[in-house]
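Numbering follows my numbering, in which position 18 of the sequence shown is assigned residue number 19; successive positions increment by one, without gaps. Think of the CB as a built atom: it goes at the ideal place given N, C-alpha and C, for glycine as much as any other residue. Take a look at the structure set out below.
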Amino acid sequence: MNDKADILAASLKLLLEENTKEAGAYLDTHYPFKPIIRKSRSWSRKKVITICQRDGYCDRYTGKKLVFPGALQVIHLLLPDQFPADKNWSMAKTHMAFWELFPTIDHVFPIARGGEDEESNWATTSMRMNQIKANWTLEEIGWRLIPIEELKPWDGLEVMTLRLVEKHQILQEDDYLLRWYKALIGFRSK
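What follows is the structure, encoded as structure tokens:
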């Protein structure tokens with residue numbers, strides 16, 4: 002019996018027959034609950050930049066280009082009416098590009114499902130795709146991880162961001178942008 006609904010139906014049938022122990026044993030054998038011990042995870046901005054650059058600022062699930070987070074903030078600060086952003090990510094107050102193009106790191110095999118928090122299990126993806134994928138495995142949602150060799154890498158607008166920050170004083174006064182800027186400068190000075 003491969004269909005999970007059929008497994009539950011068989012368990013319910015056993016329960017109807019008042020075979021509680023057999024129903025539990027059947028469920029344990031055919032569709033067991035597997036508790037997961039949560040592991041901590043966190044990434045520095047430098048780590049995010051490292052993984053984004055490794056993946057060529059491309060979404061590993063779609064192959065689409067993504068943009069260095071500092072670039073999105075530069076556009077927001079210089080064109081706030083056309084490119085609004087809310088510090089709490091309110092969708093009603095934030096340009097859709099922040100979900101579609103903002104790179105984030107996803108655990109290919111979800112940590113919540115027992116995946117490891119290590120580089121071999123990390124993939125660059127957009128905020129939107131990360132939210133869609135959530136804690137599902139690629140097999141469960143019918144996605145694939147695009148090999149790095151198949152991607153068309155680019156710089157994610159890093160260079161233009163650096164130039165604009167150096168050119169505009171207002172950009173140098175934004176704490177959020179400066180954290181990304183300093184992380185990128187630190188990364189490039191290696």
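query                                                                                                                                             : result
Can you tell me where the alpha helix (DSSP H) with D156 in it begins and where it stops?                                                         : Here D156 belongs to no alpha helix (DSSP H), and DSSP marks it neither H nor E.
Quick check on this structure: which residue in R145, A72, E18 and N20 has the alpha carbon closest to the alpha carbon of L172?                  : A72
Measure the alpha-carbon distance for K134 versus Q83 and round it to whole angstroms.                                                            : 29 Å
Comparing C-alpha positions only, which one of P85, E23 and R46 sits nearest to R180?                                                             : R46
By the DSSP assignment, the beta strand (DSSP E) with P1 in it spans what residues?                                                               : Any answer about residue 1 is impossible in this case: the structure gives the chain only from 2 up to 191.
Going by Cα to Cα distance, which pick from Y32, Y58 and S91 is closest to I106?                                                                  : Y58
Alpha carbon to alpha carbon, what distance is there between L146 and Q54?                                                                        : 16 Å
State the Cα-Cα distance for the pair P70 and T162, rounded to the nearest angstrom.                                                              : 9 Å
Is the beta carbon of T126 closer than 8 Å to that of D60?                                                                                        : yes
Report, in whole angstroms, the separation of the C-beta atoms of V75 and L178, which I expect to be a contact under 8 Å.                         : 7 Å
Identify every residue that forms a DSSP beta bridge with H108.                                                                                   : W123
In three-state terms, what does DSSP make of K47?                                                                                                 : helix
Considering only C-alpha positions, which residue in the set K48, Y32 and P111 is nearest to E140?                                                : P111
Considering only DSSP beta bridges, list what K183 is partnered with.                                                                             : Paired residues: none, contrary to the question.
Buried or exposed for S121, please, with buried defined as at least 16 other CB atoms from any protein chain shown within 10 angstroms of its CB. : exposed
Please determine, among K88, R129, L78 and R114, the residue with the shortest C-alpha to C-alpha distance to F103.                               : R129
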